[in-house]
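Chemist: Quick one: the structure is below, and I'll ask about it shortly.
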Amino acid sequence: MPIRRARPEEAPLLTALIWRSKAHWGYDAEHLARIRATMRITPEQIDAHPVYVLEDDHGQILGYYFLRPYETGIVLEDLFLEPQAIGKGHGKRLFTHALEQARARGYAEMTWESDAHAEGFYRAMGAERIGQRLSPIEDQLLPLMRFVLK
1 MPIRRARPEE APLLTALIWR SKAHWGYDAE HLARIRATMR ITPEQIDAHP VYVLEDDHGQ
61 ILGYYFLRPY ETGIVLEDLF LEPQAIGKGH GKRLFTHALE QARARGYAEM TWESDAHAEG
121 FYRAMGAERI GQRLSPIEDQ LLPLMRFVLK
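Numbering (the numbering used here), first residue to last: 1 to 150.
Structure, rendered in structure tokens:
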């Protein structure tokens, strides 16, 4: 199953994938409506930043991640999977690929805000929780995570 750079024209497909992935965790309708109103990836983001997709053997996108480099570090903005792909090792493949991309760019660490449901996955991958932040979108505390790359 290949991992490749996302194409700008895939932004609507990846945005819909975000929404399906979030719905998998049983959020109520009001919460999902807020997610749909605010969480998306744009063609401009795909064009300007490292965004990679994982495809199955038939070319269907199973998941993607989005890295945003800053002067002081690199942030994992998104890592989402299709609901049917969760728990099958695809998240591990995408996350490992993201770590490799961050290392190749010379960063010492990668940070991100995690969905509470994904914190256990990231801890199992070797990340540590370094704090929490109230999400204005989701009205819940989000774990702040870090993975030391060097």
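The beta carbon of each residue, even a glycine, is placed where N, CA and C say it ideally should be.
All figures in this text were calculated on a predicted structure; none of them were measured in a lab.
What distance in whole Å lies between the Cβ atoms of residue 130 and residue 110, which are believed to be in contact at a cut-off of 8 Å?
Modeler: As a first step, residue 110 is located in the sequence shown; it is residue number 110 there, counting from the start. As a first step, residue 130 is located in the sequence shown; it is residue number 130 there, counting from the start. Contact flag wrong, Cβ pair sits at about 12 Å.
Chemist: Going by the CB atoms, is the gap between residue 119 and residue 135 shorter than 9 Å?
Modeler: Here residue 135 refers to the residue found at position 135 of the sequence shown. Here residue 119 refers to the residue found at position 119 of the sequence shown. It is not a contact, given that the beta carbons lie outside the stated cut-off.
Chemist: What are the start and end residues of the alpha helix (DSSP H) that includes residue 18?
Modeler: Along the sequence shown, one-based indexing puts residue 18 at 18. It spans 11-23 - the alpha helix (DSSP H) in which residue 18 sits, taken as one unbroken run.
Chemist: Could you check if residue 22 is buried or exposed, using at least 16 other CB atoms within 10 Å of its CB as the buried criterion?
Modeler: For the purposes of this step, residue 22 is taken as the residue at position 22 of the sequence shown. With 16 or more other Cβ atoms within 10 Å, it is buried.
Chemist: Leaving aside the five residues before and after residue 40 along the sequence, list all residues of the same chain whose C-beta is less than 8 Å from its C-beta, in chain order.
Modeler: Taking the sequence shown and counting its residues from 1, the one referred to as residue 40 is at position 40. Answer for residue 40: 11, 15 and 18, listed in chain order.
Chemist: Fully enclosed by the stretch 81-135, which beta strand (DSSP E) runs are 3 residues long or longer?
Modeler: Segments of the beta strand (DSSP E) lying fully in the stretch 81-135: 109-113 and 128-134.
Chemist: Under the rule that 16 or more other beta-carbon atoms within 10 Å means buried, what is residue 148, buried or exposed?
Modeler: As a position in the sequence shown, residue 148 is number 148, starting the count at 1. With fewer than 16 other Cβ atoms within 10 Å, it is exposed.
Chemist: Out of 101, 72 and 53, which one is the CA nearest neighbour of residue 79?
Modeler: By one-based count along the sequence shown, residue 79 stands at place 79. The candidate whose alpha carbon is nearest that of residue 79 is 53.
Chemist: If you count every other CB in all the chains shown that lies within 10 Å of the CB of residue 2, and 16 or more means buried, which is it?
Modeler: One-based indexing of the sequence shown puts residue 2 at position 2. Classification of residue 2: exposed, given that the 10 Å Cβ count is below 16.
Chemist: Where do the ends of the alpha helix (DSSP H) carrying residue 34 lie?
Modeler: The residue you call residue 34 lines up with position 34 of the sequence shown. Here the alpha helix (DSSP H) through residue 34 covers 29-38.
Chemist: Bridge partners of residue 7, per DSSP?
Modeler: Locating residue 7 in the sequence shown gives position 7, counting from the first residue. Its beta-bridge partners do not exist; DSSP assigns none.
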